[in-house]
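Enquirer: Numbering (our numbering), first residue to last: 605 to 768.
Ideal Cβ placement from N, Cα and C applies to all residues, glycine included.
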């Protein structure tokens, strides 16, 4: 028969066995990391040793001073070229600014003209509608017969043509 003491002891031993296997895998992983770190440390030591043995190269200066009779004249000529180019650039910039302002002004005028044309079109459409309603009203209204007072000759003509 299984007593509570034997079953708990079996569970405890199984648990301890599981912990022992986890510890052994953790120890193996740590040993691998330690070996990797030792290898990395060795490489760093070699690099430091190599750096101490070979002095760093001095960067060469890209700028030089010319000592000759033409050096100042050449420098002045280059400054003149720079100043001319800068003046041309400024002139072009001012021209572009003027062009941009002119385009903006022209666009504003076109917008005003467009609004004016739209206003006129609306007025014309309203006027056409007004005329169309007047024509419809006059077409729907029956024509009045001419009387002797308003149009005596027309009334006489209508009188004689009807009797004949």
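Going straight from the alpha carbon of residue 723 to that of residue 704, what length do you get?
Expert: Going from the Cα of residue 723 to the Cα of residue 704 covers about 29 Å.
Enquirer: The alpha helix (DSSP H) spanning residue 676 covers which residue range?
Expert: Where residue 676 is concerned, the enclosing alpha helix (DSSP H) stretches over 675-744.
Enquirer: In three-state terms, what does DSSP make of residue 755?
Expert: If DSSP states are grouped into helix, strand and coil, residue 755 belongs with coil.
Enquirer: CA-CA distance, residue 690 and residue 715?
Expert: Those two C-alpha atoms are separated by around 37 Å.
Enquirer: Return helix, strand or coil for residue 658, following the three-state DSSP convention.
Expert: Coil, per DSSP.
Enquirer: Tell me the rounded alpha-carbon separation between residue 681 and residue 694.
Expert: Their Cα atoms are separated by approximately 20 Å.
Enquirer: When the Cα atoms are used, what is the spatial distance from residue 728 to residue 697?
Expert: Approximately 46 Å between the Cα atoms of the pair.
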